[in-house]
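In my numbering, the protein residues as written are 153 to 542. All residues carry an ideal CB built from backbone N, CA and C; glycine is no exception. For clarity, every value in this text was computed on a predicted model and none was experimentally measured.
Put into structure tokens, the structure is as follows:
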């Protein structure tokens, strides 16, 4: 549900923004997502591996995770302001700076209640956030001129703050600075690896979109991020995979083979659905596309089937990541992510400057995700003889 609210706000911003404004907002969304990835990796994954511990132990870790998320959010907010100013959209940058600390705080609390086997708390407050975001999207469908993209992001920030406060009260958790440094020192290498891996996933997006923007123009950012936005429902569902698989496999004591079989079934279903949906979007009438993405639809439609193929590879990379997280394999997880990022950035950069077309960059993304997912699956799958320890 939290990812649904993120997808809805992107759609709302796309509806009210010009192509240039949406291009700038896309980079700021990517920065926010990178921050969320780092926080989820370094704070959320270690929390999930505590599944089965007592509520007091989980609550103690949650209070320090909340403090860490807020502090990290303030640092990232400074980067959002600087980015907005550099892109000539300072107001949008300020709006993201307000939103980011609340978004990271909500994430930390969400992982905490799920680890404590209270997913209903996360569902309740994420539903509030999602419904509010959906109402805002409905308003943009009625009129594109009631408010601008910065206002939409500020409403999103307010909803995130309400969600964070609600979760904190429900789980009896508040920020705790005392002992924060000592807490971070516990298994800091694994925290660092998980955080870097999750952050790299979004940093890769930022770099590729930035290079495409430099080589082609803001229309490239609108095309790549716009196509990703309309495929967001599947990214939303897949992003929840670690939240379900990791704590449950730890509690149930499932073998690596059992976890892998479950994940592969999900991967096959996701692949087929993505390909069908991507083709349907490409064939959709322009009136429907414009309703979803506004002025950015035409640019996004051109790359839609290719980005759908990229998402298939990304889905299998997430299957791999979920498996490695469930087994506590932080070093292998980081290695796989680094290999993918290097491949993706190198290939997409070369294509961007050679082709000067967003379609070319999309092809580079698809080739990177598919080739790396095949290589990594071959290396880490149970029974391959290559699956190493932590």
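Query raised in the report: Is the Cβ-Cβ distance between residue 251 and residue 183 less than 7 angstroms?
Result: no
Query raised in the report: If we count Cβ pairs, one from each stretch, closer than 8 angstroms, do we get three or more for the stretch 402-413 versus the stretch 421-441?
Result: no
Query raised in the report: Does the distance from the CB of residue 459 to the CB of residue 514 come in under 7 angstroms?
Result: yes
Query - Of the residues 427, 452, 436, the one placed nearest residue 466, counting alpha carbons only - result: Out of 427, 452, 436, 427 has the C-alpha closest to the C-alpha of residue 466.
Query raised in the report: In the structure shown, what three-state DSSP assignment does residue 394 receive?
Result: helix
Requested in this report: Using alpha carbons as the reference points, say which of 475, 166, 505 lies closest to residue 296.
Outcome: 166
Report task. For residue 390, collect the residues of the same chain with a Cβ closer than 7 angstroms to its Cβ; drop the 5 residues on either side in sequence, then sort them by chain order. Result -> 422, 467, 470
Query raised in the report: What residue ranges within the stretch 244-328 form continuous alpha helix (DSSP H) runs of no fewer than 4 residues, ordered along the chain?
Result: 271-294, 301-322
Query raised in the report: Apart from the five residues just before and just after residue 520, which ones in its own chain have a Cβ nearer than 6 angstroms to its Cβ?
Result: 495, 496, 499
Query raised in the report: CB residue 385 to CB residue 218, shorter than 7 angstroms?
Result: no
**Report entry** Element boundaries [alpha helix (DSSP H), containing residue 457]
**Finding:** Note, residue 457: alpha helix (DSSP H), 456-478.
Query raised in the report: Just how far apart, CA to CA, sit residue 363 and residue 457?
Result: 21 angstroms
Report task. Determine, using beta carbons only, whether residue 264 and residue 157 come nearer to each other than 7 angstroms. Result -> no
Report task. Spell out a yes or no on whether the stretch 206-221 and the stretch 362-377 are touching, meaning 3 or more CB-CB pairs, one atom from each, closer than 8 angstroms. Result -> Touching, no, given that fewer than three Cβ pairs across the two stretches are closer than 8 angstroms.
Query raised in the report: Is the Cβ-Cβ distance between residue 202 and residue 210 less than 7 angstroms?
Result: yes
Query raised in the report: Would you report the Cα separation of residue 353 and residue 322, rounded to the nearest angstrom?
Result: 31 angstroms
Requested in this report: Output the distance between the C-alpha atoms of residue 225 and residue 187, rounded to the nearest integer angstrom.
Outcome: Answer to the nearest angstrom: the Cα atoms are 8 angstroms apart.
Query raised in the report: Got a sec? Which residues, its chain only, sit under 6 angstroms from residue 194 by beta carbon, not counting five neighbours each side?
Result: So the qualifying residues of the chain are 343, 346, 347.
Query raised in the report: Roughly how far, in whole angstroms, is the beta-carbon of residue 256 from the beta-carbon of residue 191, given that I think they are within contact range, below 8 angstroms?
Result: 5 angstroms
**Report entry** Of the listed residues 173, 258, 508, 526, nearest to residue 235 (C-alpha basis)
**Finding:** 173
Query raised in the report: Going by C-alpha distance, which of 350, 268, 455, 237 is nearest residue 488?
Result: 350
Requested in this report: Please name the residue in 472, 504, 523, 483 whose C-alpha comes closest to that of residue 534.
Outcome: 472
**Report entry** Candidates 205, 379, 396, 375, of which the one nearest residue 477 by Cα
**Finding:** Nearest of 205, 379, 396, 375 to residue 477, Cα basis: 396.
**Report entry** Anticipated Cβ contact below 8 angstroms, residue 361 with residue 178, distance rounded
**Finding:** 7 angstroms
**Report entry** Contact under 7 angstroms by Cβ, residue 325 with residue 213
**Finding:** no
**Report entry** Cβ pair residue 268, residue 207 closer than 7 angstroms
**Finding:** In contact: residue 268 and residue 207 (Cβ atoms closer than 7 angstroms).
**Report entry** Beta-carbon proximity list for residue 332, same chain, < 8 angstroms, skipping 5 on both sides
**Finding:** Only residues of its own chain outside the window of five on either side were considered, and among them 216, 219, 220 have a CB closer than 8 angstroms to the CB of residue 332, listed in chain order.
Query raised in the report: What residue from 508, 475, 507 has the CA that sits closest to residue 532's CA?
Result: Ranking the options by Cα distance to residue 532, first place goes to 475.
Report task. State the DSSP-derived secondary structure class of residue 533, mapped to helix, strand or coil. Result -> Residue 533 falls in the coil class under three-state DSSP.
**Report entry** Cβ pair residue 176, residue 241 closer than 7 angstroms
**Finding:** Residue 241 is positioned such that its CB atom lies closer than 7 angstroms to that of residue 176.
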